[in-house]
Amino acid sequence: VTNQVDVAGKVISSDSFCTNGRKVVLLKKRPGKDDKKGTDEADAQGKFSFGNPGLNQGKYYVRAKRILGACAPGKSDVFTISGGG
Numbered sequence: 391v392t393n394q395v396d397v398a399g400k401v402i403s404s405d406s407f408c409t410n411g412r413k414v415v416l417l418k419k420r421p422g423k424d425d426k427k428g429t430d431e432a433d434a435q436g437k438f439s440f441g442n443p444g445l446n447q448g449k450y451y452v453r454a455k456r457i458l459g460a461c462a463p464g465k466s467d468v469f470t471i472s473g474g475g
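Position one of the sequence shown corresponds to residue 391 (our numbering), numbered consecutively onward.
Have a look at this one:
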């Protein structure tokens with residue numbers, strides 16, 4: 391069994407400036423600094439996709455970077471990849 395998982399989502403904001411081209415980062419939770427697993431930019435509808443980054447089991451989340459003076463940072467709920475091996 392392999393963890394063939396597509397990771398995708400949507401940045402939600404009432405201001406299109408805060409969605410179109412917004413940098414998003416896929417991170418794995420771990421003690422200390424979380425491990426960056428991928429980056430993408432949201433499209434005009436706020437949609438992003440990391441494709442299948444080959445994630446190992448663990449806890450992950452997506453963070454939308456802050457845009458200074460315009461858009462607050464955002465963070466997804468944590469999701470878990472389990473099993474595999």
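Note that beta-carbon positions come from the ideal geometry of N, C-alpha and C, so glycine has one too.
Could you tell me whether the Cβ atoms of Asn442 and Asp405 are closer together than 7 Å?
no
Going by DSSP, which residues form a beta bridge with Lys437?
Lys400
Could you check which residue in Phe407, Val414 and Gln435 has the C-alpha nearest to that of Gly428?
With distances taken between Cα atoms, Gly428 lies closest to Val414.
Taking the alpha carbon of Glu431 as the point to measure from, which residue in Val468, Ser472 and Gly399 has its own alpha carbon closest?
Gly399
Verify whether the separation of the beta carbon atoms of Ser439 and Val452 is less than 7 Å.
no
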